[in-house]
Each structure stands twice: as structure tokens, then as C-alpha cells.
């Protein structure tokens, strides 16, 4: 879903020299000819009008990319309507109910299942290659075994840390859970009031916590679609996560609005966040601050793990121009276009081949996300997930506050999720 507004890089022509990976407007063979595109999409250029709804920063910037599509398809017109994130769900639900829908819309990864439940999204053409995308990103399009849409851009969670404080204490970037505890303590020894900051309350606590559960070997659903939240991995992850607040290594209550400034001032040694945070830091502190912090993957326990978010592009079931709509989606998820979009918006490509381009590969702060995204995971694409996530938020917060034990919390998580159900029955 949407994030804090970011700095916008100047748009430049991409020098990408990659083969098309089934996204884009067809596949090129070695002779440079174009083969037939995905089934259900006619050959030839797009025609007519394509209505697109896009949210937040993406809605403001997408017209620049749409102009490229119009240049390649002279008989098509793309109209982009920016929609604020805070009103987007209500607006989309109303549109689906009335049938007055756009042809294409941006869909936050955690919202797909809800729109599918309403019958609003068309299934993805079978010939679009899921292997072209990061696996966790593709999983966000799949509801009850069917894909609805295509990953557009991705984001994940990594550890930001003050390099100067780490160097002062001779600390190396943490690779294990034990390392992270020692790392946070060492950053405090270097002068930070808190060695790390983790989410402690609000509607994103579960999303911050779940990577630790996955790292401990936990799963949200088993192969049969049953919830598996009451287990040793859950108890272990809850105990570990809450230990940072309990032991004074992290603020007992995180004030999100103060996090960036505390990090810049050296009062906070590290925190977990996504790719948008780099722009926030440099906007606040200036470009010279880039040398003061590092970005590394989250440490592992039984496994590596991070959360994958972002947005997909979906074609509406009642779209007036579905053929041109899918052509636009293909264009937007072509490897070269994905690099162009990164240079326009700073959004990270969902197409794996795009990461070979120097625009991403040569930027150390960006390139770290590639390995993270290869194993990053999404929350279940089930209609009830928002309700379940809210319950998990409240339970995790009680563990952090010391009001319930990790063992009791794991049982409550299982009971809450089971009671709510998946919504797929």
C-alpha cells in the first residue's frame, strides 16, 4: 500500500539492455520480432480510451509514464485519475457496486482479496509469466488459487542503522537474532538513547512483527488453508520481539513522528522500515547524511524473512476497454518500463530482471533490497485479513506492555483468526 511521500528522481531514458520477461507488449525473439502476447489480448497496438485510477504519489506521477504508452500506441488515450489513499477503498467499492469502474486501477497488495470478493477484478491472462516477478509479489495477486492482477512495484523491510555509532564500537551489521540484540546494546554504548526502534502500537504493529515470526519458522496458514498461529515459533518470536522494549533497548512506546529526527540526532541507533525512509532521512537532514547510515537485511533465525508490500495493477471485471487495459498493464510491467518508473517515482520494480540495470544494481542502498525481496513474504490474500490483522495488532501490543504472556498471546491469536475465518469458505 502507500507510503510516506518520497523525493522524486528526475526521469531519464533507460539504458536497459534486458530481454523482455513476458511482461511488456509481447516477447522478443533473437531476431527482434514480437511473438503473440498473453491469451485473451489481441495482437497489435492499443486503441480507444483507457481509464486508470492510481493512488497517492503514484497517481500524481503516472501520467508521465502514460505519455510513453500513448507514444507507442498513437490511437489510444490514457486518462489517469489520482485518488487519495484514505478515500480509495470506499471509492472503489462504490464503483464496483455501480459498475462505473475504470479500466485499470492500482491495488494495494493487502486489498486484493476484498475487491475479488466483490467481483471487481478480472483474472490475470494465463500467459503472463509469474516467474518474471518476485515470488512474494506474485503471491499477493492470488486469491483462492487464481491470480487477479500483476505486481507493479514492491517494498520490503530492512534495518537502517547509524554507521558512525557502529564503527565507534567496532560493531558489524547483525546477521542473527543474537547479533541484533548485541548490536542494539552496542549502539547504546556508543551514545544512542535507544539501540533500535520497533513498532509498538497502531495498525502496523503486526506487519512489523510478522517477519520475526516467519524468521522463527512460523506460518500463518498451512497447506490446507488452516490457521497455524499457536506454536513454538510464535512464542519464540513474541518473546524475542518484546524483549527489545522490555530490556530498554527500544522505546516502550514508539512515537513514529519522532523516529527520523531521533535517528538523525544520534539518539536512535537503528530502526526497521522500508525504501521510502531513505528519502525521508535525506529530505530532513540533507544529502550529506547519506554517508551516516547503512541499510542491511533483517537478521535471520531459523530462516530469513521480511514483509513484501507495494501495489499491483488490476483490470476491472466491468472494464469498458479490457484489451487496451491489459496492454497498458503489460507495458507498465515491462522490465525497461519498470526501470523508467523507478527513475520517475523511486518505486522498486516487481520484475526481477529490472534489477540488473545499473540504475538499481549500482546503487548500494537500493541493491540491498534485491536479496531481501527474493525471500520476502506477503500476508494471506484472504478477504478477512484486515480484521485478523487488527486483532493481531492488539494482542502483540499486550505482550509488549507485559499484560499477557507470549504463550497466552499465541493461543489468543489462533482463537481470533479461527473465529474470524478466511472468508473463502
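In mature numbering (1 follows the signal peptide of the UniProt record, and there is no 0), the protein residues as written are -21 to -1, 1 to 404.
Idealized CB from N, CA, C, for every residue including glycine.
Please list the terminal residues of the continuous beta strand (DSSP E) segment that includes residue i.
i, result
"residue 61", "55 to 62"
"residue 243", "It is not in any beta strand (DSSP E) - residue 243 instead sits in the alpha helix (DSSP H) that spans 235 to 244."
"residue 30", "27 to 34"
"residue 87", "83 to 87"
So, with DSSP's three-state summary, where would you put residue i?
i, result
"residue 334", "helix"
"residue 207", "coil"
"residue 250", "strand"
"residue 292", "strand"
"residue 100", "strand"
"residue 4", "In this predicted model, residue 4 has a pLDDT of only 35, less than 50, meaning its place in the structure is not dependable enough to derive any value."
"residue 279", "strand"
"residue 71", "helix"
"residue 153", "coil"
"residue 180", "coil"
"residue 403", "coil"
"residue 43", "helix"
"residue -10", "Residue confidence is low: residue -10 scores 30 on pLDDT, short of 50, so the model does not pin down where it sits. Its coordinate-derived value is still stated next. Three-state result, residue -10: coil."
"residue 14", "Only weak support is given to the placement of residue 14: the predicted model assigns it a pLDDT of 32, under 50, and the value that follows is read from those uncertain coordinates. Three-state result, residue 14: coil."
"residue 113", "coil"
"residue 287", "strand"
"residue 9", "Because residue 9 sits at a pLDDT of 31, beneath the cut-off of 50, its placement in the model cannot be relied upon, and the point is left open."
"residue 126", "strand"
"residue 232", "coil"
"residue 24", "coil"
"residue 38", "helix"
"residue 91", "helix"
"residue 308", "helix"
"residue 273", "strand"
Given a cut-off of 8 Å, decide if residue j and residue i are closer than it, judged by their beta-carbon atoms.
i, j, result
"residue 403", "residue 367", "no"
"residue 45", "residue 289", "no"
"residue 248", "residue 167", "yes"
"residue 233", "residue 251", "no"
"residue 27", "residue 55", "yes"
"residue 286", "residue 352", "no"
"residue 292", "residue 128", "yes"
"residue 223", "residue 177", "yes"
"residue 329", "residue 193", "no"
"residue 143", "residue 271", "yes"
"residue 230", "residue 348", "no"
"residue 31", "residue 63", "no"
"residue 29", "residue 303", "yes"
"residue 165", "residue 148", "yes"
"residue 217", "residue 380", "no"
"residue 310", "residue 48", "yes"
Over what stretch of residues does the alpha helix (DSSP H) that includes residue i continue unbroken?
i, result
"residue 399", "385 to 399"
"residue 257", "255 to 264"
"residue 132", "Residue 132 -> not in any alpha helix (DSSP H); beta strand (DSSP E) instead, spanning 129 to 135."
"residue 145", "142 to 147"
"residue 360", "It is not in any alpha helix (DSSP H) - residue 360 carries neither H nor E in the DSSP assignment."
"residue 268", "Careful: residue 268 lies outside any alpha helix (DSSP H) and carries neither H nor E."
Please identify the residue among the options whose C-alpha is closest to the C-alpha of residue i.
i, options, result
"residue 369", "185, 59 and 30", "185"
"residue 124", "141, 258, 210 and 95", "95"
"residue 406", "37, 179 and 49", "Nothing in the structure corresponds to residue 406, since the chain is present only between -21 and 404."
"residue 279", "88, 353, 159 and 82", "159"
"residue 266", "275, 243, 287 and 281", "243"
"residue 246", "237, 253 and 254", "237"
"residue 213", "398, 37, 386 and 275", "386"
"residue 198", "254, 112, 359 and 381", "359"
"residue 322", "43, 21, 34 and 23", "43"
"residue 326", "40, 25 and 24", "40"
"residue 171", "24, 23 and 241", "241"
"residue 373", "182, 341 and 133", "182"
"residue 371", "67, 320 and 399", "399"
"residue 401", "187, 191, 204 and 69", "204"
"residue 140", "131, 153 and 132", "153"
Contact defined as beta carbons within less than 8 Å: I believe residue i pairs with residue j. What is the distance between those atoms, to the nearest angstrom?
i, j, result
"residue 209", "residue 393", "4 Å"
"residue 86", "residue 122", "Actually they are not in contact, since the Cβ atoms of residue 86 and residue 122 sit about 11 Å apart, beyond 8 Å."
"residue 101", "residue 295", "7 Å"
"residue 355", "residue 109", "Rounded, the Cβ-Cβ distance is 16 Å, inconsistent with contact."
"residue 206", "residue 363", "Going by Cβ atoms, the distance from residue 206 to residue 363 rounds to 11 Å, so no, they are not a contact pair."
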